[in-house]
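Here's the structure we're looking at; comments come further down.
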Amino acid sequence: MKESCEIKSENMVENEIGVDLEERKKVPITTILAFLLASICTAIVLEFLITDRSCLKSEFNTGLPDGNTSANNHFKYATFPPIKPKDCHLQHVVGILQEIGYEETAIDDTNWTLLWAHEYPFRSLSERMRNLLPSQTVNHFPESDL
Numbered sequence: 001m002k003e004s005c006e007i008k009s010e011n012m013v014e015n016e017i018g019v020d021l022e023e024r025k026k027v028p029i030t031t032i033l034a035f036l037l038a039s040i041c042t043a044i045v046l047e048f049l050i051t052d053r054s055c056l057k058s059e060f061n062t063g064l065p066d067g068n069t070s071a072n073n074h075f076k077y078a079t080f081p082p083i084k085p086k087d088c089h090l091q092h093v094v095g096i097l098q099e100i101g102y103e104e105t106a107i108d109d110t111n112w113t114l115l116w117a118h119e120y121p122f123r124s125l126s127e128r129m130r131n132l133l134p135s136q137t138v139n140h141f142p143e144s145d146l
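Residue 41 in full-length UniProt numbering sits at position 41 of the sequence shown; the count goes up by one each step and never skips.
Right, here's the structure in full:
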């Protein structure tokens, strides 16, 4: 008889623990709705409070605040071959460069810091590529055909 009492008490403990675990697993719907509402309100507040979008642009990309490159002429890019306005080719590259503060210049101008070459420039512009200034960069590696 004592054994059956002990078994019953163990079963009762298991049932109580099982009920507690099930109750703990359930999250009230009000808690979920409150969390969802708080998330949406935070997103809306951030959208309307950030009126100066220039703070979202990273200043370290251009080295100048607000992409102001008119003060320094060393943030210019040239394209090879030159991109015509009616061409859709490489417009995404031009858009990104202008977004981070670069100004377009002609390839004949020696005052550019980036040469974006779609074609391999080291054969047709070999003299210019040999005499790059330390501040000038080309988006291809010499002798690699890449």
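Where is the CB? At the ideal position from N, CA and C, for every residue including glycine. Only a predicted model underlies this, so the values are computations on that prediction, with no experimental measurement involved.
Counting along the chain, A38 sits inside the alpha helix (DSSP H) bounded by residues 29 to 49.
The distance from the Cβ of A106 to that of H140 is about 19 Å, inconsistent with a contact at the 8 Å cut-off. Annotated three-state conformation of K76 is strand, per DSSP. In this structure, L97 sits near Y77, with a CB-CB distance shorter than 7 Å. In the DSSP assignment, L115 falls within the beta strand (DSSP E) that extends over 114 to 117.
G95 counts as exposed, since fewer than 16 other C-beta atoms from the protein chains shown sit within 10 angstroms of its C-beta. The beta carbon of I83 lies closer than 6 Å to those of L90 in the same chain, with the five residues before and after it left out.
In this structure, the CA atom of T31 is about 17 Å from the CA atom of T42.
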